[in-house]
Amino acid sequence: MNTPPKTDARVPYEQLESAASLIGRSAGMPEQQAALLGRLLATNDARGVFSHGTQQAAAYARQFTSGQLNPTPKPRPVRETPNSLQMDGDGGLGYFPAYEGTLRVIEKALENGVGVLSTGNHGHFGAAGIYTRLTLEHDLLAFVTSGHQMSLSPGRPYVTAAGGSPMSFSSPAGEEDSLVVDFGAIHDCYEGDVHRKAISLLAPAVVFRGVGLGGICQSWGGFLAGVPYGSPPEERKWAGANQGALLIAFRIDLFAEPAEFKRHMDAYIRDVKRLEPVERFDECFMPGGLESHRERLWKKEGVPFGEHHRRRLEETARTLEIQLPWEERAE
8 MNTPPKTDAR VPYEQLESAA SLIGRSAGMP EQQAALLGRL LATNDARGVF
58 SHGTQQAAAY ARQFTSGQLN PTPKPRPVRE TPNSLQMDGD GGLGYFPAYE
108 GTLRVIEKAL ENGVGVLSTG NHGHFGAAGI YTRLTLEHDL LAFVTSGHQM
158 SLSPGRPYVT AAGGSPMSFS SPAGEEDSLV VDFGAIHDCY EGDVHRKAIS
208 LLAPAVVFRG VGLGGICQSW GGFLAGVPYG SPPEERKWAG ANQGALLIAF
258 RIDLFAEPAE FKRHMDAYIR DVKRLEPVER FDECFMPGGL ESHRERLWKK
308 EGVPFGEHHR RRLEETARTL EIQLPWEERA E
């Protein structure tokens with residue numbers, strides 16, 4: 008899903024950031040929110056997480072112009088304690104309540120040891136790793152998940168019980184790249200995946216585990232955030248605001264000295280690099296290591312830019328009657 012395209016085409020990181028921001032503004036977003044969205048999406052591309060990168064701007068633009076989502080939301084806190092926060096996304100994208108809420112919960116965790124965030128009444132919040140990475144520089148450990156509006160129909164495959172099932176965990180390292188696990192709990196076994204039945208026959212425990220993790224995503228990230236099971240509520244103003252999220256962050260020093268913890272993380276990660284790679288792979292990385300390596304390299308040398316990615320953004324630009332940075336330069 009996130010394999011770099013087999014092409015020599017590259018585009019500067021800054022052009023991807025500008026393109027996504029421009030699409031957002033042209034679809035009705037305020038400048039500050041569009042700029043943040045552009046940065047988050049382009050950073051995902053630079054990390055090789057293309058599925059949640061700038062090509063998502065096309066889908067978001069359609070949701071804004073069709074009235075599915077609020078292009079000018081004003082996220083607000085609706086419930087708060089010294090170590091918890093609940094944010095309402097005002098019918099917009101989930102990035103904004105989740106990003107603002109994470110920054111606020113980081114402060115709560117630093118002060119009180121633990122901080123918990125719940126967000127609701129919003130659309131897609133992007134890659135879960137966006138938010139766990141925000142905690143790394145503060146010597147915090149973090150978990151993020153998200154749930155969405157869902158209902159199950161008799162006769163559909165068991166794997167549909169997992170829903171969208173995004174999860175991310177993070178642990179900071181010292182000199183090495185930090186551990187950032189960011190995945191779909193039932194990935195490769197979703198209903199339409201070509202290998203689903205083969206995996207189910209060879210390793211049914213993988214499916215059972217994925218559905219179990221997906222149930223946590225749905226209950227903690229969805230139901231807890233006010234996203235109901237079954238039919239959406241009739242009073243929902245923005246039909247696309249059908250998702251919620253949860254973040255938990257806590258201080259390392261509740262249990263261990265941060266410097267010592269990170270020293271062990273560094274030793275662990277270095278030894279992992281010397282292990283025998285998985286078949287058909289050349290190197291060993293802990294999750295987050297390859298993405299961090301790509302980000303450093305591709306922000307300097309340009310981000311791989313496949314034809315489908317380019318076409319999707321350019322078609323959206325034509326619909327919005329705008330020119331993207333590389334189109335302007337080509338004239």
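Okay, so the sequence shown: first residue is 8 according to my numbering, each after it adds one.
Quick reminder that beta carbons are idealized off the backbone N, C-alpha and C, glycines included.
Assign residue i to buried or exposed, taking buried as 16 or more other Cβ atoms, counted over all protein chains shown, within 10 Å of its Cβ.
i	result
V218	buried
K280	exposed
V285	exposed
K204	exposed
G101	buried
G21	Here residue 21 turns out to be Glu, not Gly, going by the sequence shown. Label assigned to E21: exposed.
R32	buried
A266	exposed
K269	buried
L76	buried
H194	exposed
G59	Looking at the sequence shown, residue 59 is not Gly but His. Looking at its Cβ environment, which holds 16 or more other Cβ atoms inside 10 Å, H59 is buried.
DSSP three-state call for residue i: helix, strand or coil?
i	result
L76	coil
Y197	coil
E267	helix
V56	coil
S207	helix
G222	helix
F132	coil
D184	coil
A337	Caution applies to A337, whose pLDDT of 48 falls short of 50 and renders its modelled position unreliable; the value that the coordinates give is listed next. Three-state DSSP puts A337 in a helix.
R281	coil
F262	coil
G127	strand
Between which two residues does the alpha helix (DSSP H) holding residue i run?
i	result
P11	Looking at the DSSP string, P11 is not in any alpha helix (DSSP H), and its letter there is neither H nor E.
G28	The question names Gly, but residue 28 in the sequence shown is Ser. First-last of the alpha helix (DSSP H) with S28: 20-33.
S172	Where S172 is concerned, there is no enclosing alpha helix (DSSP H), given that its DSSP letter is neither H nor E.
T326	314-327
E298	296-308
Per DSSP, what are the beta-bridge partners of residue i in this structure?
i	result
Y236	M157
A256	G122, A149
E87	L92
P311	R17
G341	Coverage of the chain is limited to positions 8 through 338, which leaves residue 341 absent and any answer about it impossible.
G251	G154
Residue i lies in the beta strand (DSSP E); which residues open and close that run?
i	result
T61	Here T61 belongs to no beta strand (DSSP E), and DSSP marks it neither H nor E.
L92	91-95
- Is there contact between the stretch 240-250 and the stretch 152-161, where contact requires at least three CB pairs shorter than 8 Å? These segments touch.
- Task: Taking 8 Å as the threshold, find out whether the stretch 314-329 comes into contact with the stretch 65-85 through three or more Cβ pairs.
- Result: In short, these stretches touch, since the Cβ pair count reaches three.
- Message: If contact is defined by three or more beta carbon pairs under 8 Å, each pair taking one atom from either stretch, is the stretch 115-132 in contact with the stretch 82-91?
- Response: Segments in contact, yes.
- Task: Please determine if the stretch 134-141 and the stretch 94-114 are in contact, where contact requires at least 3 C-beta pairs separated by less than 8 Å.
- Result: These segments touch.
- Message: Three Cβ pairs or more, each shorter than 8 Å: is that satisfied between the stretch 186-197 and the stretch 167-176?
- Response: By the criterion of at least three beta-carbon pairs nearer than 8 Å, the stretch 186-197 is in contact with the stretch 167-176.
- Query: Okay, do the stretch 157-164 and the stretch 262-274 touch, 3+ Cβ pairs below 8 Å being the bar?
  - Reply: Cβ pair count under 8 Å is below three, so no.
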